[in-house]
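Below: one structure, written as structure tokens.
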Amino acid sequence: MFTRRLFLGAISAAALLASGFSASSQDKMYIALISKGFQHQFWQAVKAGADKAAAELGVEVTFEGPDNETMVDRQIDMLSAALAKKPAAIGFAALDSQAAIPLLKQADEAGIPIIAFDSGVDSDIPTATAATDNLAAAALAADKMAELIGGSGKVAIVAHDQTSRTGIDRVEGFQKQVEEKYPDIEIVTVQYGGGDHLKSTEITKSILQANPDLKGIFGANEGSAIGVVNGVREMNRTDVVVIGYDSGAQQKQAIKDGLMAGAITQNPVGIGYETVKAAVAAAKGEPVQKEIDTGFYYYDKNNIDDPEIAAVLYD
Amino acid sequence: MSTVEAAPRPRLAARLFASGAHQRLLAFASLIILLVGFSLASPNFMQMSNIIAILQATSVNGVLAVAATLVIITGGIDLSVGTLMTFCAVIAGVVLTYWGMPMPLGILAAVAAGALCGLTSGTFIAKMKIPPFIATLGMMLMLKGLSLVISGTRPIYFNDTPGFTEIASGSVIGAVIPALPVPNGVLILFLVAIGASYILGRTVLGRYTFALGSNEEAVRLSGVNVDAWKMAVYALAGGICGIAGLLIASRLNSAQPALGLGYELEAIAAVVIGGTSLAGGRGTILGTLIGALIMSVLTNGLRILSVTQEWQTVVTGAIIILAVYIDMMRRRRTV
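Chains A and B are the protein sequences, given in the same order. Every number in the numbering used here is 13 more than the matching position in the first sequence, counting from 1. Every number in the numbering used here is 70 more than the matching position in the second sequence, counting from 1.
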């Protein structure tokens with residue numbers, strides 16, 4: 014009995030393995046991308062950019078990331094599995110720079126070039142970094158907020174988390190710009206909803222409850238921004254100016270409907286594309302620009318359909 | 071063929087293989103099949119560096135799973151193992167980095183904090199009669215919040231404590247046998263497993279752990295202080311989570327305060343794959359160890375084969391169901 018079961022198990026395992034084969038042909042140059050996330054539309058857009066570059070340049074690319082941005086150790090495991098596959102180059106979006114350094118050194122010693130993407134790594138090992146300047150992007154959000162609320166009043170921030178680089182930079186970028194340029198604007202609170210739509214909705218509702226005279230809210234990533242829109246709608250406070258971050262179908266719709274004034278968008282497709290391009294160049298020993306600024310834009314109802322903006326938005 | 075209520079065995083070999091050699095054999099066979107299958111499928115799989123990567127990936131989940139096994143054998147559950155691990159890592163960070171104390175004190179503080187939190191959960195369950203699921207769910211959330219509060223929501227780095235990364239990433243074995251650079255984290259996992267096996271098999275605490283899971287009422291009626299023993303099991307599990315906290319902090323050279331949610335379910339998955347019954351009264355540490363290895367071999371192997379991530383998750387879920395189903399079929403036949 015046991016042996017038959019085991020045999021069947023072995024066959025199904027073998028079938029699985031065989032399906033894995035199709036994904037890895039041997040002769041092409043192989044590049045492993047380890048991202049910070051996987052499920053969110055933002056990361057899927059990065060992946061789409063990476064796949065596009067892979068098709069154009071004739072290389073094989075894999076794309077992986079942990080379930081959420083707190084799982085630092087899971088990302089390290091992914092990086093070490095990627096190293097075992099002996100890639101020509103690695104693209105890496107570090108959740109925590111320091112934690113990954115031993116493995117990055119190992120890659121460096123093995124002669125595998127590393128391209129940092131989305132956020133930098135505090136080390137000189139990466140050949141290049143392809144990322145958005147989040148501090149500057151959040152400062153632009155603060156400028157737009159000030160413009161829309163008339164330069165004075167109370168605003169709040171709903172962000173995704175307190176520990177990731179993007180979470181820290183976007184909150185700090187916004188806060189600093191307000192402190193330096195808009196003395197009449199007061200940031201009453203910064204709350205964190207883990208990028209979760211529902212949690213961010215509840216947070217927004219309680220902020221509005223506590224501050225009836227609130228004029229604006231900045232949602233620091235896609236999930237936070239959608240939560241803010243939901244909260245504002247449920248509380249019937251559509252007079253509040255909402256500025257979001259990134260895109261996605263829901264956020265785009267909110268901007269078209271006028272629930273959201275506008276949002277900052279990074280260029281995720283460009284991040285993925287530039288990362289793979291730089292990785293291929295580095296693997297071939299060609300010169301690579303050290304800092305690749307992938308850019309950001311502010312978009313609203315008026316320019317959402319401009320070709321330049323539409324190209325970097327994702328659904 | 072298999073002893074349902076595993077009586078403690080006197081000898082080491084018998085103890086490790088207690089409660090049905092078949093089941094151990096089955097889980098072990100699955101592990102071997104996975105190893106052979108992946109090795110045949112990719113030349114990059116069966117390499118020393120990758121095997122060590124797999125073992126290292128197992129170390130934290132393995133230690134958490136050992137802690138969860140103890141609690142599950144009593145018929146309880148501990149949902150707080152993941153965030154407790156993080157909490158202990160943060161405590162170590164506070165003691166070592168913020169207060170600048172010597173390393174042994176940081177280690178002691180982490181394990182003591184774990185045991186204390188475990189004791190607190192145990193008190194909620196034994197004295198206040200809160201169901202284990204709820205008590206440890208509450209504990210899980212409290213600890214997640216406290217980790218963020220104590221750390222000021224930022225990772226705490228251990229750069230001022232030279233040698234801290236050696237706890238998990240150094241290699242005592244590699245220093246003696248250079249060809250076998252097994253990281254200390256893996257060694258610690260095995261030591262924790264041997265220790266927990268010893269406690270389960272050779273001590274009064276172990277005997278009562280099984281007895282509580284089999285028939286708590288009977289134990290109570292025979293005049294045993296059930297509450298005290300239950301609290302002791304949770305405290306022990308908590309202390310083991312403290313060790314996991316040290317391992318993860320050492321490996322990441324930092325205490326990451328937001329990490330930890332979700333780790334409890336992976337630990338519980340390893341426990342059930344290893345044949346421990348969620349109903350309590352039955353289970354072994356060796357089974358859990360194999361369960362944890364199956365999980366990480368599977369994850370690593372699928373990655374090596376470049377299986378896309380969405381399918382990796384599907385396959386992992388299916389394997390958990392399959393493993394538990396096979397185990398149940400076997401028991402239905404033999405009991």
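A virtual CB, placed ideally from N, CA and C, is assigned to each residue, including glycine.
Following the DSSP letters along the chain, one finds Q126(B) inside the alpha helix (DSSP H) bounded by residues 118–143. Annotation: G71(A) is outside any beta strand (DSSP E) and is labelled neither H nor E by DSSP.
Looking at the DSSP output, E199(A) sits in a beta bridge with K167(A).
Here F194(B) is buried: its Cβ has 16 or more other Cβ atoms, across all protein chains shown, within 10 Å. Within the segment 146–169 of chain B, no residue has its Cβ closer than 8 Å to any Cβ of chain A. Each residue's CA atom was taken as its position, placing P320(A) and K60(A) some 21 Å apart.
Cβ-Cβ distances below 8 Å link N114(B) to N120, I374 in the same chain, with the five nearest sequence neighbours on each side left out; the list follows chain order. Contact between A101(A) and V301(A) fails: their C-beta atoms lie close to 14 Å from each other, not under 8 Å. Here DSSP, grouped into helix, strand and coil, assigns K314(A) to coil. For the segment 341–380 of chain B, there is no continuous beta strand (DSSP E) assignment of 3+ residues that stays within its boundaries. Here the C-alpha atom of D80(A) lies approximately 22 Å from the C-alpha atom of L117(A). Taking the Cα positions, V242(B) is about 9 Å away from E236(B). Nearest in C-alpha terms to L149(B), of all of R224(B), N323(B), L348(B), S100(B), is L348(B). Looking at the DSSP output, Q279(A) sits in a beta bridge with F309(A). Rounded to whole angstroms, the Cβ separation of A238(A) and G229(A) is 13 Å, and the two are not in contact under 8 Å.
For L331(B), the nearest CB of chain A lies under 9 Å from its own CB, placing it at the interface with that chain. Between L329(B) and the set P174(B), L270(B), S221(B), I142(B), the nearest pair of CA atoms involves S221(B). Bridge pairing for Q204(A): V171(A) [DSSP].
V130(B) reaches chain A at D86, counting residues in chain order whose Cβ is nearer than 8 Å. In this structure, DSSP gives E299(A) a state outside helix and strand, which the three-state scheme calls coil.
Residues of chain B with a Cβ closer than 8 Å to the Cβ of T179(A) do not exist; the shortest Cβ-Cβ separation is about 13 Å.
CA-CA distance, A266(B) to Q379(B), rounds to 34 Å. At least 9 Å separates the CB of A362(B) from every CB of chain A. Our two residues, R224(B) and G233(B), have alpha carbons roughly 22 Å apart in a direct line. A183(B) and V282(A) have their C-alpha atoms roughly 45 Å apart. One finds A328 in chain B with Cβ atoms closer than 7 Å to the Cβ of D174(A), taken in chain order. Of all residues in the segment 283–308 of chain B, none has a C-beta nearer than 8 Å to a C-beta of chain A.
Chain-order list of chain A residues neighbouring A123(B): D90, S93, A94, L96, A97, by C-beta distance under 9 Å.
Beta-bridge analysis with DSSP links G257(A) to A276(A). Between L270(B) and G351(B), the alpha-carbon positions lie close to 11 Å from each other. Distance between A112(A) and I284(A), taken at the CA atoms: about 23 Å.
Comparing alpha-carbon positions, the option among P172(B), T346(B), L331(B), T273(B) lying closest to V85(A) turns out to be L331(B).
Contact note: F51(A) reaches chain B through Q379, E380, using a C-beta cutoff of 9 Å and chain order. In the three-state reduction of the DSSP assignment, G255(B) falls in the helix class, which pools H, G and I. For I44(A), the pairing in a beta bridge is given by DSSP as V74(A), A102(A). Contact between the segment 238–249 of chain A and the segment 182–199 of chain A is absent: fewer than three C-beta pairs spanning the two stretches fall below 8 Å.
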